[in-house]
Structures are given as structure tokens and as C-alpha cells.
Amino acid sequence: MSTVRNRSPRTGLATPILAAYVVLVLVFLLMPLFLVAPMSFSQTTYLKFPPTGFTLKWYVAFFEDPAWIAATIRSLVIAACSALLATVTGALAAIALRRNTTTDQLLRGGFLGPQLVPVIILALGVLLLFSRFHLYSSIPGIVVAHAVLALPFVVSNVAGALRQRGDSLAQAARVLGASPLKAFWYVTVPLLRPSMIASYIFAFFVSFDELVVAMFVMGRNETLPMRIWSNVRDDLTPVVAAVATLLIVATIVALLISEFLSRPRQAAKDPV
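Below is the structure:
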């Protein structure tokens with residue numbers, strides 16, 4: 001005897017309402033992107049929407065301005081180094097604190113400190129510390145500061161991957177005679193590679209977009225966010241829109257690359 005399940009009217013009404021809500025949230029989040037990109041092609045010397053005419057001179061102005069290029073290269077170097085430092089340090093910390101003991105939970109919670117403290121307070125503390133150790137306006141100093149800001153995301157991401165996959169394969173490798181180092185390098189690291197790649201991409205953009213700490217400790221060595229802030233405060237030309245559009249495209253490309261590299265590789269099928 002078949003059982004017919006009646007669909008609740010409340011459930012049927014909630015589905016389109018939820019879908020409409022999701023669409024509205026996405027439109028709200030993406031609307032600035034749809035506004036910024038067209039303004040980067042405007043012929044006016046100020047930001048205007050809808051744009052007037054079509055020109056690429058603001059992109060040319062960005063690539064021909066040594067100050068913009070120097071700030072961009074500086075931000076890329078800082079972001080790449082800080083993301084690497086945060087990924088390696090955060091992944092090792094997550095592996096060391098993978099057990100669910102009270103001590104490990106408290107220590108993992110300690111890594112969330114940079115996200116709990118207001119960034120302005122953290123920037124002030126970094127400024128006082130760097131002034132004492134002569135790291136003010138130095139690349140190594142800002143790399144360490146940005147790595148600290150990205151650590152909570154790396155630890156949380158890698159810890160979640162460890163909880164999902166467990167230690168069974170690494171323990172099996174140890175039982176079969178692998179040393180702890182070989183079990184870690186050939187078993188644990190490949191299992192965590194997708195989460196580590198995602199953590200690196202996220203840490204990279206945390207550093208690349210960071211403004212407050214950089215303004216406190218970088219002085220005249222402008223990063224790209226500092227340069228954008230200076231332009232918005234003083235000139236507000238469409239060069240800012242051009243830079244923002246380039247960053248949007250770069251972010252999308254980086255996310256696609258991260259998604260491609262994070263996919264687990266399928267083992268080749270043995271011939272029958």
C-alpha cells in the first residue's frame with residue numbers, strides 16, 4: 001500500500017520566499033561591483049554613474065603611474081609572504097592541536113584573538129611593538145602583522161579539514177612501518193592540501209586588502225589599499241574604479257584557480 005505524502009502549504013510558500021531572499025542578498029552584495037566597473041571607463045575626470053562615454057585612459061594612467069605600480073608590487077610581495085607564513089604556521093598549529101582536549105580547545109581559541117580584538121587596537125599595539133624593535137615601515141614587520149591577522153582563518157579551516165578526515169590513514173601508515181615524518185609528509189599533507197590551498201588564497205587577500213595596520217606601520221611605503229585611500233581622500237579620480245575593477249577580476253581568477261587546485265585528483269583507472 002503506497003503512502004501519499006501531502007506537501008505542507010507552509011513549506012510550499014517558504015521555498016520561493018527563501019529563494020527571493022537569497023537573490024536579494026546576492027544583488028545587495030554584488031551591486032557595488034556592477035557600479036564600479038562601468039565607472040572605470042568613464043571619460044569624466046571624476047567618478048560618475050552612469051558613466052559618460054567610453055575610454056581606457058584610466059587603466060593606462062594606472063599602469064603608467066610609478067606610484068600605483070610600486071604600491072601594487074609592494075602589496076603583492078607582502079601578501080604572498082604573509083599568506084605563506086600564515087598557512088604554514090596555522091596548518092602546523094591546527095595539526096598540533098587536533099585533539100579535543102580542554103587544553104587544545106583553549107589554545108585553538110587563543111588563535112582567534114586577532115579577530116576578537118578591534119583592528120584599530122591591534123594596529124596600535126603593532127605600532128608600539130614595531131617602534132620598540134625598529135620594524136616600523138619595514139616589509140618583514142608588515143608581513144608578520146598580516147600573517148597574524150590571517151592565522152585565525154587558516155587554523156579554523158585546517159582544523160575543520162582534520163576533524164572531517166581524521167587520523168586513520170596516518171595511523172595506518174605508521175602501522176605499516178612509515179616514520180612519523182613520512183606519514184605526515186606523504187599522508188597528512190596531501191589530505192590537507194585542498195584546505196591549505198584555500199587557506200593560502202584567503203590569507204593572501206586578507207593581507208592584500210588590509211588597510212588599518214598598514215597605515216599605522218608602513219609610513220611612506222604605501223601599499224595598494226593605502227594608495228587607494230589616499231586617492232579617494234584627495235583626488236577621487238576614476239583610476240580608483242579602474243584599480244577596483246582589476247582587483248575584482250584578479251579575485252575571481254584566483255578563486256577559480258583555488259577551486260580547480262582544491263579538487264581531489266581522481267586516481268587513474270587500472271586497465272581491465
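FYI, the numbering for the sequence shown is 1 to 272, going by the UniProt record's numbering.
Every residue, glycine too, gets a C-beta built ideally from N, C-alpha and C.
{"Asked": "Through-space distance from residue 216 to residue 128, alpha-carbon basis", "Found": "10 Å"}
{"Asked": "The stretch 148-162 contacting the stretch 41-50, beta-carbon criterion three pairs below 8 Å", "Found": "no"}
{"Asked": "From 172, 67 and 214, residue whose alpha carbon lies closest to that of residue 135", "Found": "214"}
{"Asked": "Close-in-space but distant-in-sequence residues of the same chain around residue 255 (CB under 6 Å, 5 per side omitted)", "Found": "none"}
{"Asked": "Under 8 Å between C-beta atoms of residue 238 and residue 39", "Found": "yes"}
{"Asked": "Length of the line joining the Cα atoms of residue 228 and residue 140", "Found": "22 Å"}
{"Asked": "Residue range of the unbroken alpha helix (DSSP H) whose run includes residue 57", "Found": "57-64"}
{"Asked": "Cutoff 8 Å; reference residue 242; Cβ partners in own chain excluding five residues on either side", "Found": "40, 58, 59, 61 and 62"}
{"Asked": "8 Å Cβ cutoff met for residue 212 and residue 147", "Found": "no"}
{"Asked": "Residue 2, DSSP secondary structure in three states", "Found": "Note on residue 2: pLDDT 49, under 50, position unreliable in the model; no value is reported."}
{"Asked": "Residue 86 beta carbon less than 8 Å from that of residue 151", "Found": "yes"}
{"Asked": "Which of helix, strand or coil DSSP assigns to residue 134", "Found": "coil"}
{"Asked": "Whether residue 17 touches residue 223 by CB criterion (8 Å)", "Found": "no"}
{"Asked": "Collapsed DSSP secondary structure at residue 222 in the structure displayed", "Found": "coil"}
{"Asked": "Residue closest to residue 244, alpha-carbon to alpha-carbon, out of 153, 208 and 83", "Found": "208"}
{"Asked": "Exposure label - residue 253; buried when at least 16 CB within 10 Å", "Found": "exposed"}
{"Asked": "Nearest-angstrom Cα separation, counted from residue 190 out to residue 283", "Found": "Residue 283 is absent from the model: the chain starts at 1 and stops at 272."}
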